[in-house]
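Chains as they are written, first to last, in the numbering used here: chain C, 1 to 293; chain L, 1001 to 1133.
See below:
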């Protein structure tokens, strides 16, 4: 049985932990709101670009001789996985789930006899993949110093990927990231990046009988736009990931705060019981002492 | 018929400008072009250069770093990688950046590095000219 002093120390330590988790939850909630707004704000660009690419790909055609980013290399021997995780922990199973999906995908590809290369974005994913898949990681991109994700970061990642592709370092690239469903649910998923999948249901523009003038021409515009399309996909994955991270952290910290509350309650009960037992014991001692006289 | 042009300038992060204007001049890869209301459908890639917006006698000058323009009967949309307000740019900082980029380019080894730095130098040169103008 712990002494009263021990119990007191325990209660105050759990109380301060609760204060910290509560504060972290509130910070995550504020950051989540900002991350959601950023994801929202990036949508018009992505939608416009997707619509244009969809329409252009329709008219140019994606078969042989089309832009390499759309038609692929014609092989699927070397796969590149770009794993997007958070830079920080304490966000429940967020990072673990993404890494789990990445590992599954790696095992699947290797079982099929493919070569796998990995680019990690985010410290947590890198740390845990390094242990068993270290030899496959060809690059790690650190975003720790980045406060507000912008097109610059995604362009950096995108350029790296297209450069590697042009060098023939891989045939197929996929993104592994957590899709932001809502605050409680982030669904880790694998999305193919290269060869790019042109959006199918692109809204057609009503030209009111006129036809487009293209400068320089359709094929070249498509070629120039595809790397940007890639970048926007990466950006939206980054932004969704950031929102998901905060959502996951908020939920995890909310749980932690509640658990700490439960613990304080039960500790208080034990403490009060022990205190009463001690008082009773002392009374008995005094009374039996008085009776003996 | 509308006598104003619906114009929106969008960057990957957010919508920078959206509204009705009289005219927009933009730097197409094959030369500068101006868009007035009721322009024919037109699609072009952009190079780095100034975008000028004319509205009720006022002109606003912005700078885009590459991108894409799409004119439809509904209006003009420019998707730009990066867009800056020319009135707020410090000309001396560009000179320094340009000098650094040129030095980097001289040291660059791989094909990709050279390609990216050439783009950067072109961008900074265009920006310098636009600020001076």
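C-beta: ideal position from N, C-alpha, C; glycine also.
Would you kindly check if the distance between the Cβ of residue j and the Cβ of residue i is under 7 Å?
i, j, result
"residue 190 (chain C)", "residue 205 (chain C)", "no"
"residue 174 (chain C)", "residue 192 (chain C)", "yes"
"residue 1050 (chain L)", "residue 1063 (chain L)", "yes"
"residue 87 (chain C)", "residue 131 (chain C)", "no"
"residue 1092 (chain L)", "residue 1065 (chain L)", "no"
"residue 1009 (chain L)", "residue 1016 (chain L)", "yes"
"residue 1067 (chain L)", "residue 1086 (chain L)", "no"
"residue 1128 (chain L)", "residue 1094 (chain L)", "yes"
"residue 121 (chain C)", "residue 141 (chain C)", "yes"
"residue 106 (chain C)", "residue 85 (chain C)", "no"
"residue 180 (chain C)", "residue 237 (chain C)", "no"
"residue 230 (chain C)", "residue 168 (chain C)", "no"
"residue 123 (chain C)", "residue 95 (chain C)", "no"
"residue 171 (chain C)", "residue 78 (chain C)", "yes"
"residue 232 (chain C)", "residue 46 (chain C)", "yes"
"residue 25 (chain C)", "residue 254 (chain C)", "yes"
"residue 1055 (chain L)", "residue 1025 (chain L)", "no"
"residue 101 (chain C)", "residue 188 (chain C)", "yes"
"residue 178 (chain C)", "residue 93 (chain C)", "no"
"residue 215 (chain C)", "residue 1115 (chain L)", "no"
"residue 10 (chain C)", "residue 267 (chain C)", "yes"
"residue 18 (chain C)", "residue 252 (chain C)", "no"
"residue 53 (chain C)", "residue 225 (chain C)", "yes"
"residue 57 (chain C)", "residue 256 (chain C)", "no"
"residue 1071 (chain L)", "residue 1042 (chain L)", "yes"
Identify the continuous beta strand (DSSP E) that holds residue i and give its terminal residues.
i, result
"residue 1037 (chain L)", "It is not in any beta strand (DSSP E) - residue 1037 (chain L) carries neither H nor E in the DSSP assignment."
"residue 1027 (chain L)", "1023-1028"
"residue 187 (chain C)", "186-194"
"residue 1006 (chain L)", "1005-1010"
"residue 239 (chain C)", "No beta strand (DSSP E) contains residue 239 (chain C), which is instead part of the alpha helix (DSSP H) from 218-292."
"residue 295 (chain C)", "Missing from the structure shown is residue 295 (chain C); chain C here goes from 1 to 293 and no further."
"residue 214 (chain C)", "213-215"
Strictly below 8 Å CB to CB, what residues from chain B border residue i?
i, result
"residue 219 (chain C)", "Although the question refers to chain B, the structure presented lacks it and instead comprises the protein chains C and L."
Please report the residue range of the alpha helix (DSSP H) in which residue i lies.
i, result
"residue 32 (chain C)", "4-41"
"residue 1055 (chain L)", "Taken as a continuous stretch (DSSP letters only), residue 1055 (chain L) belongs to no alpha helix (DSSP H), being part of the beta strand (DSSP E) at 1049-1055."
"residue 1111 (chain L)", "1111-1132"
"residue 68 (chain C)", "68-71"
Under 8 Å by Cβ, that's how I've got residue i and residue j pegged, so tell me the actual separation to the nearest angstrom.
i, j, result
"residue 1124 (chain L)", "residue 1105 (chain L)", "Not confirmed; about 11 Å, so no contact."
"residue 258 (chain C)", "residue 90 (chain C)", "Not really, about 16 Å apart at Cβ, beyond 8 Å."
"residue 51 (chain C)", "residue 1081 (chain L)", "Not quite, the Cβ-Cβ distance comes to about 18 Å (not below 8 Å), so this is no contact."
"residue 67 (chain C)", "residue 223 (chain C)", "5 Å"
"residue 239 (chain C)", "residue 39 (chain C)", "4 Å"
"residue 69 (chain C)", "residue 196 (chain C)", "5 Å"
"residue 1036 (chain L)", "residue 49 (chain C)", "Between residue 49 (chain C) and residue 1036 (chain L) the Cβ distance is about 25 Å, and since that is not below 8 Å, they are no contact."
"residue 1028 (chain L)", "residue 1044 (chain L)", "4 Å"
"residue 295 (chain C)", "residue 1014 (chain L)", "Coverage of chain C is limited to positions 1 through 293, which leaves residue 295 (chain C) absent and any answer about it impossible."
"residue 1057 (chain L)", "residue 1007 (chain L)", "In fact, because the Cβ distance is near 16 Å, the residues do not count as touching under 8 Å."
Closer than 6 Å: is that where the CB of residue i sits relative to any heavy atom of the ligand SAM?
i, result
"residue 46 (chain C)", "Among the components of this structure there are no ligands whatsoever, and the ligand SAM is therefore not found."
Practice prompt. Could you pull out every unbroken alpha helix (DSSP H) segment of at least 4 residues lying fully inside the stretch 1062-1108 of chain L, listed in chain order?
Written response: 1091-1107
Worksheet item: Going along the stretch 1084-1103 of chain L in order, which residues come within less than 7 Å of chain C, judged by CB to CB distance?
Response: none
Worksheet entry | Length-filtered (3 minimum) beta strand (DSSP E) runs lying within the stretch 86-173 of chain C | 115-121, 137-141
Worksheet item: What residues in the stretch 1036-1058 of chain L bring their beta carbon closer than 8 Å to a beta carbon of chain C?
Response: 1040, 1041, 1042, 1043, 1044, 1045
Worksheet item: Which residues, in order along the stretch 131-153 of chain C, keep a beta-carbon less than 9 Å from a beta-carbon of chain L?
Response: 148, 149, 150, 151, 152
Worksheet entry | Near-chain C residues of the stretch 1002-1026 of chain L - C-beta to any C-beta below 7 Å | 1010, 1011, 1012, 1013, 1014, 1015
Worksheet item: When you check each C-beta in the stretch 206-217 of chain C against every C-beta of chain L, which residues fall closer than 8 Å?
Response: 206, 207, 208, 210, 211, 212, 213, 214, 215, 216
Item to complete: Taking only beta carbons into account, state which residues of the stretch 48-80 of chain C come closer than 7 Å to chain L, listed in chain order.
Response: 48, 49, 52
Practice prompt. Select from the stretch 221-250 of chain C all residues with a C-beta closer than 8 Å to any C-beta belonging to chain L, and list them in chain order.
Written response: 221, 224, 225, 228, 231, 232, 235
Discussion item. Under 7 Å, CB to CB, which of the residues in the stretch 179-205 of chain C have a partner in chain L?
Written reply: 205
Item to complete: Taking only beta carbons into account, state which residues of the stretch 12-41 of chain C come closer than 8 Å to chain L, listed in chain order.
Response: 38, 41
Item to complete: Please name the residues in the stretch 1069-1081 of chain L whose beta-carbon is closer than 7 Å to at least one beta-carbon of chain C, in chain order.
Response: 1070, 1072, 1073, 1077, 1079, 1081
Worksheet item: Just by C-beta distance, which residues in the stretch 1109-1132 of chain L are closer than 8 Å to chain C?
Response: 1112, 1116
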